[in-house]
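In the working numbering, the protein residues as written are 82 to 550. The beta-carbon is built from N, C-alpha and C at its ideal position, and this holds for glycine as well.
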């Protein structure tokens, strides 16, 4: 049995034999190893304040046996007091993720093939939930390779191309020396990783990473296949960068969130995985036998130009909104049933007179739920002999009110699906024609408008079933 122990930012793998020693012994052994390997920062006065599991942050009792509270290859963090006279504890920079994470994480076995052309919102949500691993189609790999070859040709021939051999923004006219091209891309990521707030949940971070992989798979960004495969390897074991919730700039795409996404995979900043919890990115990658990505010319800007944060949020929102809209149809049917209403207003002949698709579909669902040849309704039959002229206005209008919601969500789904499979980089590399082109596809105005719609449309449905009651 062995346990990985973190002391002051360094990880030590400590053999524990059969685990009969105590947690206190494990912490002290980790401190001894730190003192031997890092004597310049070690102190003879250091003593242990707390020992916690890295995943979840559970506090460990010093007298417990290792095998009783830890698994083989588990991860813990030791925090020490700086001296016996001090009462303040040196807190680690790792934040603990308190969430529903299985102690025995099993990665998915099924694969979803990405080609940059056919990813759907439902697929993206499934990827976010960890239902699939990712692999690239052969066609996508070929396009990525060709685009990268063109970037390398641009560098070799010392052509002046924005973001490849020049600076960014107002420094677009500043040509960068070949020796500094790689450093330029690394510094771009570091300078833009300036978000604030709590990190995205693992599901949302996983969606964002999967969507960025899909966009890069289109083959217009000029990223190398090696770096893209490292992104995929990180996704497949759920090595997820610390991506703050706040800090994106819509007019220029999701620069800050995408920079944080790339930063973790560079082995910098913080990263989370089901196996390790939160930790320094380089150690989380190392624990999964992964190496940090190394950026070359064009690859930094290729990773941060895009709308993958807002688009992944939009994909999840439209999936949830469509589910709510379908549930609202059932609620409307139940409401009409409770009020002993009739389904005559939902007849197919009536719907065809105002041939809106959403209205017709809602009416069909209401008929199926309320009264059909297969499941005839006693309430519907009773209306043949009652003196009621018609039901409440709000109940008769359910197909019209709910229908426009379904139509709107169908429209929004189309916009989001298009964006999910669009190249959003600048500049874009056209390997088929051997040239690069300046674009502003990173602008998210259309996505901002699209993602506002699910909120407003769902509110419209509330009145249809609320008012009659």
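From the DSSP output, in three-state form, read off residue i for me.
| i | result |
| --- | --- |
| residue 84 | strand |
| residue 206 | helix |
| residue 266 | helix |
| residue 98 | coil |
| residue 324 | coil |
| residue 471 | coil |
| residue 301 | coil |
| residue 436 | coil |
| residue 120 | coil |
| residue 198 | coil |
| residue 284 | helix |
| residue 478 | coil |
| residue 307 | helix |
| residue 224 | helix |
| residue 110 | helix |
| residue 151 | coil |
| residue 242 | coil |
| residue 452 | coil |
| residue 428 | coil |
| residue 386 | coil |
| residue 317 | helix |
| residue 504 | coil |
| residue 498 | helix |
| residue 292 | helix |
| residue 392 | helix |
| residue 420 | coil |
| residue 177 | Below a pLDDT of 50, predicted positions are generally treated as unreliable, and residue 177, at 44, falls in that range; the measurement from the model is reported next regardless. Coil, per DSSP. |
| residue 187 | coil |
Roughly how many angstroms separate the alpha carbons of residue i and residue j, rounded to a whole number?
| i | j | result |
| --- | --- | --- |
| residue 137 | residue 353 | 11 Å |
| residue 421 | residue 439 | 25 Å |
| residue 243 | residue 486 | 43 Å |
| residue 198 | residue 494 | 15 Å |
| residue 491 | residue 409 | 16 Å |
| residue 94 | residue 371 | 17 Å |
| residue 151 | residue 319 | 22 Å |
| residue 99 | residue 159 | 21 Å |
| residue 278 | residue 442 | 42 Å |
| residue 308 | residue 357 | 23 Å |
| residue 511 | residue 301 | 6 Å |
| residue 447 | residue 203 | 25 Å |
| residue 509 | residue 444 | 47 Å |
| residue 232 | residue 505 | 17 Å |
| residue 190 | residue 212 | 8 Å |
| residue 293 | residue 475 | 44 Å |
| residue 348 | residue 489 | 42 Å |
| residue 423 | residue 481 | 16 Å |
| residue 237 | residue 323 | 35 Å |
| residue 419 | residue 437 | 28 Å |
| residue 179 | residue 210 | Reliability fails at residue 179, whose pLDDT of 40 lies under 50, so the model's placement of it is uncertain and the value that follows must be treated cautiously. About 17 Å. |
| residue 496 | residue 502 | 10 Å |
| residue 96 | residue 330 | 48 Å |
| residue 102 | residue 146 | 6 Å |
| residue 132 | residue 368 | 20 Å |
| residue 406 | residue 286 | 26 Å |
| residue 374 | residue 350 | 13 Å |
| residue 395 | residue 499 | 12 Å |
| residue 115 | residue 290 | 35 Å |
| residue 112 | residue 120 | 11 Å |
| residue 154 | residue 224 | 40 Å |
| residue 328 | residue 280 | 11 Å |
Who does residue i pair with in a DSSP beta bridge?
| i | result |
| --- | --- |
| residue 92 | 87 |
| residue 192 | 214 |
| residue 133 | 140, 158 |
| residue 146 | 103 |
| residue 247 | 256 |
| residue 277 | 327 |
Can you tell me the Cβ-Cβ gap for residue i and residue j, rounded? I've got them flagged as a contact below 8 Å.
| i | j | result |
| --- | --- | --- |
| residue 313 | residue 215 | 5 Å |
| residue 274 | residue 337 | 7 Å |
| residue 402 | residue 483 | Residue 402 to residue 483, Cβ: 12 Å. No contact. |
| residue 241 | residue 247 | 6 Å |
| residue 288 | residue 205 | 6 Å |
| residue 106 | residue 364 | Not a contact, Cβ separation roughly 23 Å. |
| residue 221 | residue 298 | 4 Å |
| residue 263 | residue 378 | 7 Å |
| residue 335 | residue 390 | 4 Å |
| residue 267 | residue 376 | 5 Å |
| residue 306 | residue 226 | 5 Å |
| residue 304 | residue 229 | 7 Å |
message = Could you tell me which whole alpha helix (DSSP H) segments of length 4 or greater appear in the segment 335–384?
response = Within the segment 335–384, the runs of alpha helix (DSSP H) at least 4 residues long that lie entirely inside it are, in chain order, 336–346, 362–368.
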